[in-house]
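For the sequence shown, our numbering begins at 1 and goes up steadily by one. Below is one structure, written out as C-alpha cells; the observations come after it.
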Amino acid sequence: MKRSRVLVGLVGGIFCVALMSLYRMLDLMQGAELQHSVNSPVLQVDQELSHLQQKIDRLEHLLSDNNRLVATLRNSLIHRKASWEPKRGAANVSSDTNHSQADELPGCRLAGKMKDGAVGVQLLDVYDLLPFDNLDGGAWKQGFEIRYHGNEWDKQPLEIFLVPHSHNDPGWLKTFDLYYQDQTRHILNNMLIKLSEDHRKKMIWAEVSFFSKWWNDIDDQKREMVKRLVGAGQLELVTGGWVMADEANSHYFALLDQLIEGHQWIQRHLGVKPSSGWAVDPFGHSPSMTYLLKGAGLSNMVIQRVHYAVKKHFAQQQTLEFQWRQSWDSTPRSDITCHMMPFYSYDVPHTCGPNPSVCCQFDFHRLPGGRVFCPWRIPPKPITEQNIQERALLLLDQYRQKSRLFRSPVLLVPLGDDFRFVESSEWDAQFHNYQKLFDYFDQHPKLHVKAQFGTLSDYFQALQRRLSAAGTTLPTLRGDFFTYADRDDHYWSGYFTSRPFYKHMDRMLEATLRATEILFTLTLAEMRRFSGNGRVVADFPAREHFQRMTEGRRNLALFQHHDAVTGTARDPVVVDYGTRLFRSIMNLRQVLQSSAHWLLLLDKSIYHHDQSKPFLQMDDVISAQDALPQKTPLVLSDEPRPLIIFNPTEQLRTSVITIVVDSLDARVVDAETGQPMAAQISAVWTEPSRASTEAFQFSFVAELPPLSLVVYHVSKASAGSSHRAKYIFHRRGNTPTVHTKHFQVSHLTGPDADAPLSLSNKHLQIWSSLETGLLQKLRLQSGLVRKVQIQFLWYGTRTGADRSGAYLFLPGEEGAQLYSSSDPPLVRVSKGPIFSDITSCYQHFTHTVRLLHLDGHAGRSLEISNTVDIRSEKNRELVMRLASDVANGNRFFSDLNGFQMQQRRTLAKLPLQANFYPMSSSSFLQDSASRLTLLSAQSQAVASLRPGELEVVLDRRLQQDDNRGLGQGVTDNKLTANFFQLLLEERRGGTQEVGGASVDHLSLLAHLTSLSLCHPPVTMVTQSNSKLPKLHPFRPLSSSLPCDIHLLNMRTLEDAQEAGSPSQEAALLLHRKGFDCSAAPKPALKCTWSVHEEVNLDDLFSPLQFRSVRHSGLTLLREDDHDESARQQQPSHMTRLRPMEISAFRVEID
C-alpha cells in the first residue's frame, strides 16, 4: 500500500511539473508572437500561419510525450494494483459503472497495449520523405540505373525461379462465363497436358472461381492428374481466394468470406492448403488483406500495384521484401513475408529486369508471326545454337540487375500476363526456349547462376533458406499502399467511387448473407434439438436452402474481384454482376423467411414449406438489378396483422422501424405483452411537395434483443388517434404549393423567416440554413458546439488526352466548384415524436438529415441520406463536403475495409487526386477536444483537403476511357441512394504514436452506430392476417455480447460426406474490436465490454450450448483446428480474444 501511495504521488508530481512547463511554454510562445507582431506589422499572413502551425506541432508533440509518460505510469500503477487482486478467468464491465477519467475503459487498455513497441518502416513517414519528383531513370524510366561488378555471385550463386502464371479476370471486358468459355478452360486444359509432359514445368493459379468451374467440367481421370500435379509441386494454387480481390472497396467480411469459400473448396477437392499469396492486379494494397491471409495460414505474399515512387525508394533501400506488420500490433504475430515486384507491370517486359525493351525479347509468345508484338520494335528470337550465348548473357544481365534490388541472391521472375497460355503453341514456345537458356546456364558454372521453372513456394522456401544461412533479416513495415499511381500524376482514386449503385448493392448482399447465415444456423440447431434425434425437420428444405446460400456466398465473392466492386468493368459485365447480386439477395430472402417461419411457430407440428406461397414476405420489393428497394404498402384492418422484425446484430438495440400502410391511423403492439409502441404517421412524398393520398409512412420504436425475431401486431386505429408529423416548407422567393390534405403544413413567416432551421433531441441539437436546408452547426448535450457545414460540390475533368475515367481521377485545374442551381431548393422540415428531419430537394440530389428521438445510442448520431441522379451530366463528379472547425491540421483517418483505421496526411506536394483515399465504412477528423466521425453504408472516396474538412465522392459520370484497357467511360449511372451517420464526440487525452503515426480506433459509440447502419433490422410480414397460427418470439441469447465483440458470422459448413448439404458444424467468427477511450459519452452506453482477453464462449452465447469447440484458422481448414475443450479440465469453453483480432471456431451447437 505504501508503494502504491509513493507511485501515485510520483505520477501526480510529474503531471503537475509537466503541466506547469506547458503553461510556461505557452506564455513564452505568446510573448514571442506579440513581440514579433510589433516588430513586423506587415508580415505576410501565410508566414504567420506557418509559424503558428510549427508551434502548435511542437506543443502537440510535447503534449503527446507528456500523455505517454503519464499513461505509462498509470498503466504501471494499474498493473501493480491488478497483481494484488485475485485473478479471474474473464469478466465483463458495464459502462454504467462509474469510471474515473484516469481509470477510463478497461477493455481499451488492452487495445492500447498493442500500440507500443514500434519498429521498422512506417509508410506515412516514407510519404513525408519522398520528393515525388518523377525523374527519368533511363531504361527503367521510373527508377534508376542499376550497376554491378559481376563478382557479386561468386560465393553465393544467383538462384532464379521463373514462375509461369496466367492472370484470369473473373469478368472485365467479358463476363465471367464468356471468359471461361473463350479462354480460361483452354488455359487449364493445356496446363494439364503440358505439365504432365515434363516434371520440370510448373505453374501457379490464383482464381478458384474459374478453377472450380473447370473442375466441374472435367472427368475423374483428369481430376486425378490435377491432384498428382498439385502433390508433386508442379501446380500451386496461390492465395486460394474465390477471386483476386480488390483491397480498397471490399469490406473485410466479404474479403474473408471469399477466402473461406476458396480455401474450403481447395481442401475438399484437392486436400491442400495455400501457403503464398499472389495479388498482382488489385489497384493498391491493404494490410487488412495481409491480416486475413496470415490468419488463414499463409506465410508469404507477392504484391505489384504500388506507387512508382514508393517502388523506386524501396528498390534503392533494398526493402522490396519485408515483414508486413499490422499498425496496431506490437508483436510479430501478424507479420507476413511480402515481396513487392519492382517494375511497372506484371507482364513479361516488366518482370525479367529493369529494361522492358530487352525483357520483351524473352516473351516468346511475341515471336514474329503471332498476334502479340513488342511495342519497343525489337521482337523475340527463337533460341538456337547460334544465338544462345548472346541471348543467355543478355537475359542474365537483366536478372543480375534486378537481383541488386534485393537482399538475397534468390530472384523471383514471373512469366505471364492476362489470359496467357490459351494456345498449346504458347506453352511450347515459352517452355522450350527458356529450358534451352536454363540448360546453357547449367553448362557454364562460371556464370554462377541456377535458373529453373518454379512456384511461389519454391521461391519463398529458397529465400528463407538463403536469408537464414546469411543471418539476414527482412525489415518490418507498417501501413498501406494507397493511393496508387502507375505513372506521372495518374492516381487511381476514381475507382474508389465508380458505379456507386453497385457498391451499395454489394453491401446489401453482404448484410443479407450474414443475417441469413446466422438465422439458418440457429434454425438447424433448434430443429435438431426439437427433433431429439439430431435431424432436421423433414419438410424443411435444408439442402436447397444451403445451396442458395452457397450461391449467395459465391456471388458476393465474385463481386469482390478487382474489376467488379471497383466499378471498372464494361457495361454488359456490370449488368451480369448486378444480376448475380440481385438474384442472390432474392434467394437469400427466401431462406431467411423460411427459417423465421419455423422458428416463430408455437406449434412446430403445423409447419409446412410451400415456396409458391411463403408464409412470410419482406416489407419491400426490389424489382430489378438496377432498381432501388421500394416499400410495399400493407393493407390494414381491425384485425391485427403480424409484423416480424429480425435483429441480425449481437446487441440489444432500440430501432425505429418504418413500414408503409394504407391507413392514416394505425397502432402497433408487442404481440407477446400487448404493450403499445410509440409511433408516428408521416407522409409518403411522391414528389417534393406532393404527398400520396393512399400510402403513409408508419414508424415506431422497437426494442430488439440480440439475434431475435420479435413479433408485433399492427392494425387500424381510431380516426385521429395516431401522432402525425407536422411539416414546414420553404423555398426562397417562391413559396411552394403543397399538395396534402392529411398533414399540417406551415410556411415560415415573420421572425422565423430569417432564423436558421433547428432540430433537437435529448443528445444533440442541429442548425441548418433556411435557404438550403443544409447543416450548419451541431451542439452536444454537454454544451460542446462545432461548426459543421454540409456543402455539395462538382469536380470536372482536365482537358487534353488524359482525363478522368473509371480508374483515374484527374480533376480540372479549377478544382472543386460549389454546387449551384438556377432554382432555389425546396426545403421540407418534418417534426414528430419518433423522428424529425430536414430534406433539401435539388435537381441532382435529394438530401435528408434526420434526428431520432431515442434515449439509446441511436439518438446520438445524425442520419444523412442522399438520393443522387447525375444522368443528365457530362464529365462531372458530385461530392458532399463537411466543413467544420475541428483543428485536425493535415491529418485525418479513414478505415481500411471496415477492419481498422489508418491515419492519412494531406500533402501539398501531391496533386489533389492523390489525397483521396478509400473509405469502406468510416472516416474521422479530431483535435484535442472533439472528434467528428462520418460512418457510411457503402464504399467511396474520401479526402480532407483543408483542415476541418471531409469530403466524400457520391457519384461520377465520365464520357471517356482513361487508357487503362477498359475502352469506355462510365455512363451507366443509376438513381443511387447512399447512407451515412454523423457523430460528434468529446475527447479526453491524446493519441498514442507508433513510428511517427498515431494508431487510433473508432469509439465504442461509433462501432455500435456503424453496426446498426450496416446491419439494419429485417422487417417481414405475413401474407395475410386471416387464419394465422400462433407465433412466438425467438430469442436465442439471454443478453447482448460485450459491445467490443462483434459476431462476424455464424456460417453453416458443408457436410464432408454429402456435397451440397449442410453439416452439423458451423464456423463461429468473432472480431474483438479495438476501441478509442478518449471519447466516453454521457450518459454512458448501455452495454458491457470485456476486461480480460480470456472469455467463456458458453457465457457469451448463453443459453446456447456448444457440444464441441475447435479453434481454427480464419478459413476453417481442419488441419488448423485446435480442440478447445480437449485442453481443459472443465467442460466450459474458455478462449482468448485479443483486441483487433478475429478468432474462428468450428462449433457444434447442442
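We put the beta carbon where it would ideally sit given N, CA and C, even for glycine. As the structure is a computational prediction, the values presented were derived from the model and not from experiment.
Status (buried if at least 16 other CB within 10 Å, exposed otherwise) for residue i
i     : result
P825  : buried
K311  : buried
N647  : buried
A1006 : buried
E672  : exposed
P1081 : buried
D417  : buried
N978  : buried
L129  : exposed
Q30   : Note that Q30 scores 44 on pLDDT, short of 50, meaning its location in the model is unreliable; the coordinates nonetheless yield the value given after this. Exposed: under 16 other Cβ atoms inside 10 Å.
I303  : buried
T686  : exposed
I56   : Any reading at I56 needs caution, since the residue's pLDDT is 49, under 50, leaving its predicted position unreliable; the model's value is listed next. Answer is exposed; the Cβ neighbour count stays below 16.
V45   : Note that V45 scores 43 on pLDDT, short of 50, meaning its location in the model is unreliable and no value can be drawn from it.
Q651  : buried
F809  : buried
Paired residues, beta bridge with residue i - DSSP
i     : result
E951  : R881, A943
R1072 : I1045
K1082 : None; K1082 has no bridge partner.
G277  : M301
I657  : F700
D837  : S830, R850
E236  : I204
A339  : The sequence as given places His at residue 339; Ala does not occur at that position. In DSSP, H339 forms a bridge with V302, E321.
Q926  : R931
T1009 : Looking at the DSSP assignment, T1009 forms no beta bridge with any residue, so it has no partner.
R871  : DSSP, once it has assigned bridges, lists no residue as partnering R871.
K787  : K777
T476  : Q323
Q765  : S760, R779
S894  : Q902, S923
W685  : A691
A485  : Y491
Option nearest residue i by Cα separation, candidates the options
i     : options                : result
M340  : R931, N587, P414, N134 : P414
C359  : P375, H432, D665, Y180 : P375
N973  : P614, D626, F373       : D626
H548  : T523, L513, T568, P572 : For the sequence presented, residue 548 should be read as Arg rather than His. The residue with the shortest Cα to Cα distance from R548 is L513.
M1020 : D619, S721, Q903       : D619
S655  : L664, V710, L229, E985 : V710
L477  : T331, Y148, M880, T649 : T331
Q817  : Y842, E877, G783, Q630 : E877
T472  : P409, A883, M203       : P409
L195  : I336, D154, Q430, L124 : Q430
S865  : G859, M880, G856       : M880
Sub-8 Å separation of residue i and residue j beta-carbons
i     : j     : result
P500  : Q926  : no
V668  : A679  : yes
P811  : S715  : no
L757  : S768  : yes
V1095 : L1137 : yes
H844  : I870  : yes
V565  : N249  : yes
I645  : I659  : no
Any chain C beta carbon closer than 8 Å to residue i
i    : result
S939 : Here there is only one protein chain, and chain C is not present.
Any non-hydrogen atom of the ligand COA closer than 7 Å to residue i Cβ
i    : result
D169 : By its list of ligands, the structure shown contains no ligand whatsoever, and the ligand COA lies outside what it can speak to.
Does the stretch 298 to 313 come close enough to the stretch 928 to 939 to have 3 or more Cβ pairs within less than 8 Å?
Flag = no, the stretch 298 to 313 and the stretch 928 to 939 do not touch.
Are at least three pairs of beta-carbons, each pair with one atom in the stretch 222 to 242 and one in the stretch 205 to 214, less than 8 Å apart?
yes
Three or more beta-carbon pairs under 8 Å between the stretch 911 to 922 and the stretch 486 to 494, yes or no?
yes
Quick test of the definition: if touching needs 3 or more C-beta pairs under 8 Å, does the stretch 894 to 907 touch the stretch 246 to 266?
yes
Do three or more CB pairs link the stretch 274 to 282 to the stretch 1095 to 1114 at distances below 8 Å?
no
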